[in-house]
Amino acid sequence: MAQIREIKQRMVAVGTIQRITKTMQMIATAKFTAAVQRTRATQPYTEKIRELVAAVCSNPADLDHPLVGADRKPSGRDLLLVIGSDRGFCGAFNANVLRNALKFHRSLVEQGREVVVETSGGKAEAFFNFAKIEIAQVHNVGDKPAYDTVAAIADAYMDRFIAGEIDSVRVAYMRFESNARQIPEIEQLLPMQTPEGEGDGGGSDMYEFTPDEESLLNALLPQAVRTSLFQAFNDAVVSEQIMRMIAMKAATDNAADLGRTLKRDYNRARQARITTELTEIVSGAAALS
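Residue numbers in the sequence shown follow numbering that gives the first Met the number 0, run continuously in steps of one, and reach 288 at the last position.
So this is what it looks like as structure tokens:
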């Protein structure tokens, strides 16, 4: 009797967990759909900005602009922004991003560099606090990145880079390629890099620029930095939601399998108890006759 009661309690608990994980899966699916729409809406703009930068930068070697690191004195200091999530239950999302970021951080330290760590997301903050690595600043961007918020962060980075406070800015995040592929990435935000292969083969000789190229670069390069950082935040949100959706579906399926196993064990236990009771009744009746 005690065994049957215990199995029944476990069945109720598993059923409750299954309903919770199913709900979380549905919420993650809805958030993923919305995040993908936001990301796809910004991608053409980001790509076009990069194309324009590549078109203007016909000869990257001759490019003289503060954001590409021209005429600067090294400070020996690099900035690393790590984008994690505020919540868990998203599979290996945080583990992959944070492991990649920590590995890169250690490689810079081994080279004698001073690394300024900034984070976005509670999980990233908790990870670096646990690792006893000082966090210079925490950004609360959330799971719906606002362009103005991200642009302000990018502007602060550009100001510090131009002032010579830092030599580089890199972003550790989960890059979204497709529903089946998300890759932990360390992307260099500053100094700016001309898209490989796009700055050659014609370049500005194919265009007549009004105003001049320098004026265009002064407008385009800062905008390219802002849009690249915004794209990184959007990619991180999309990757987080799809990995949470997958994790919650797996948890729901596992709960369903466990529920079926417990139901089978429950039926067997009841059958065994009924058989035992019938045997006792028959034995008692035989003893009385």
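We put the CB at the ideal spot given by N, CA and C, even for glycine. Keep in mind it's a predicted model, so treat the numbers as computed, not measured.
Do three or more CB pairs link the stretch 116 to 130 to the stretch 81 to 101 at distances below 8 Å?
yes
Please determine, among ALA271, PHE88, ARG169, the residue with the shortest C-alpha to C-alpha distance to THR251.
If you number the sequence shown from 1, residue 251 lands on position 252. Nearest of ALA271, PHE88, ARG169 to THR251, Cα basis: PHE88.
From which residue to which residue does the beta strand (DSSP E) around GLN181 run?
Against the sequence shown, residue 181 aligns to sequence position 182. Where GLN181 is concerned, the enclosing beta strand (DSSP E) stretches over 180 to 189.
Spatial distance of GLY196 from LEU51 (CA atoms)
As a first step, residue 196 is located in the sequence shown; it is residue number 197 there, counting from the start. As a first step, residue 51 is located in the sequence shown; it is residue number 52 there, counting from the start. Note that GLY196 scores 46 on pLDDT, short of 50, meaning its location in the model is unreliable; the coordinates nonetheless yield the value given after this. Taking the straight line from one Cα to the other gives about 13 Å.
Helix, strand or coil: how does DSSP classify SER84 here?
Here residue 84 is taken as the residue at index 85 of the sequence shown, counted from 1. Coil, per DSSP.
Threshold first: 4 residues or longer. Then list the alpha helix (DSSP H) segments lying entirely within the stretch 118 to 179, N to C.
121 to 129, 146 to 161
Mind checking VAL11: buried by the 16 CB within 10 Å criterion, or exposed?
As a first step, residue 11 is located in the sequence shown; it is residue number 12 there, counting from the start. Classification for VAL11: exposed.
Where do the ends of the alpha helix (DSSP H) carrying ASP63 lie?
Looking up residue 63 in the sequence shown gives position 64. It is not in any alpha helix (DSSP H) - ASP63 carries neither H nor E in the DSSP assignment.
Going by DSSP in three states, ARG39 sits in which element: helix, strand or coil?
For the purposes of this step, residue 39 is identified with residue 40 of the sequence shown, where counting begins at 1. ARG39: helix per DSSP, three-state reduction.
Determine whether the beta carbon atoms of THR41 and PHE175 lie at a separation below 9 Å.
As a working note, residue 41 is residue 42 in the sequence shown. As a working note, residue 175 is residue 176 in the sequence shown. No, they are not a contact pair.
What residue does the alpha helix (DSSP H) around GLN110 start on, and which one ends it?
Counted from its first residue, the sequence shown places residue 110 at position 111. GLN110 -> no alpha helix (DSSP H), and no H or E assigned at all.
At which residues does the alpha helix (DSSP H) containing LEU284 begin and terminate?
Here residue 284 refers to the residue found at position 285 of the sequence shown. Just to set this straight, residue 284 is Ala in the shown sequence, not Leu. Where ALA284 is concerned, the enclosing alpha helix (DSSP H) stretches over 212 to 287.
Per DSSP, which one or two residues make a beta bridge with LEU79?
For the purposes of this step, residue 79 is identified with residue 80 of the sequence shown, where counting begins at 1. The partner list for LEU79 (beta bridge, DSSP) reads VAL116, ARG169.
Leaving out five residues before and five after LEU80 in sequence, what residues of the same chain have Cβ atoms less than 6 Å from its Cβ?
Along the sequence shown, read from residue 1 onward, the residue named residue 80 stands at position 81. Once the five neighbours on either side are set aside, the close Cβ partners of LEU80 are GLU117, VAL170.
Roughly how many angstroms lie between the CA atoms of LEU215 and GLY111, to the nearest whole one?
By one-based count along the sequence shown, residue 215 stands at place 216. By one-based count along the sequence shown, residue 111 stands at place 112. Roughly 37 Å between the two C-alpha positions.
I need the DSSP call for GLU50, collapsed to helix, strand or coil.
Your numbering for residue 50 matches position 51 in the sequence shown. In the structure shown, GLU50 sits in a helix (DSSP, three-state: H, G or I).
Alpha-carbon spacing of ILE48 relative to ARG105, whole angstroms
Here the question's residue 48 lines up with position 49 in the sequence shown. Here the question's residue 105 lines up with position 106 in the sequence shown. ILE48 and ARG105: Cα-Cα distance of roughly 33 Å.
If we ignore side chains and look at the alpha-carbon of each, how far apart do ARG259 and LEU219 end up?
On the sequence shown, position 260 is the one that residue 259 refers to. On the sequence shown, position 220 is the one that residue 219 refers to. Answer to the nearest angstrom: the Cα atoms are 60 Å apart.
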